[in-house]
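Worksheet: one structure, shown below.
Numbering (this note's numbering), first residue to last: 1250 to 1472.
So, in structure tokens, the structure goes:
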């Protein structure tokens, strides 16, 4: 015989009772052993152990490194020699002067007067020709990441490391005005060669002490 509606109702009632008993049992077990707190919990989320887990009473604050002390340099007159610029990869070692006018660059690289001098915080910027007037920056584009550029001024040596190269418009003077606590050197030249349409810019960071290292003097010059 086929069970009627009453038989089906009895069977469904037993199933609901069994399910309810199982749910109650699961809740009791969970309360007994504890369950992880989910969304809305005030407990801190799990994390890996690290240095931040040291008790506050035992944690020691690291001393703040002293601020670098820039050199106190005298103003340099336009056209006066400042120092020597040496680029090992390019086999170049030339004197650079104060100023970037045509009357200065005809003798070699020139320092942008509105930028810092070596030994000071900020950007030191130097311009040079690629095809005329000794063309000291002809192969400037051959520089590579981490190449050294050495500047000697005021009897001290400053070593910079190349970290970037860009081609910009002549009006992009922001490359000279970058503000940073890391002393930088910027070299600029016309690009491409035989054209003044753009500027090739090399960026380098100081890797030696801010005040440079003393240049050893090996005796006096002989006539």
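All C-beta atoms in this analysis are idealised placements derived from N, C-alpha and C, irrespective of residue type, glycine included.
Asked: Have a look at residue 1439 and residue 1461 and give me their C-alpha separation to the nearest angstrom.; Found: 29 Å
Asked: Flag this pair as yes or no: are the beta carbons of residue 1430 and residue 1370 separated by less than 8 Å?; Found: yes
Asked: What would DSSP say about residue 1207, mapped onto helix, strand or coil?; Found: Residue 1207 falls outside the range modelled here, since the chain spans only 1250 to 1472, and no answer is possible.
Asked: By the three-class DSSP mapping on this structure, what secondary structure does residue 1272 have?; Found: Low per-residue confidence applies at residue 1272: pLDDT is 43, beneath 50, and the placement is therefore not dependable enough to give any value.
Asked: Determine the contact status of residue 1436 and residue 1361, defining contact as a CB-CB distance below 8 Å.; Found: no
Asked: Nearer than 7 Å: is that true of the beta carbon of residue 1416 relative to any heavy atom of the ligand NAP?; Found: This structure lacks the ligand NAP, and indeed carries no ligand of any kind.
Asked: Return the chain-ordered list of same chain residues with a C-beta closer than 8 Å to the C-beta of residue 1352, the five sequence neighbours on each side being excluded.; Found: 1328
Asked: My understanding is that residue 1344 touches residue 1357, with C-beta atoms under 8 Å, so please give their C-beta distance in whole angstroms.; Found: 6 Å
Asked: Can the beta-carbon of residue 1387 be found less than 8 Å from the beta-carbon of residue 1337?; Found: no
Asked: Does the distance from the CB of residue 1326 to the CB of residue 1355 come in under 8 Å?; Found: no
Asked: Any idea what DSSP makes of residue 1362, helix, strand or coil?; Found: coil
Asked: With H, G and I counted as helix, E and B as strand and the rest as coil, what does DSSP make of residue 1346?; Found: strand
Asked: What residues are listed by DSSP as bridge partners for residue 1397?; Found: 1410
Asked: Where do the ends of the alpha helix (DSSP H) carrying residue 1465 lie?; Found: Note, residue 1465: premise wrong, no alpha helix (DSSP H); not H, not E.
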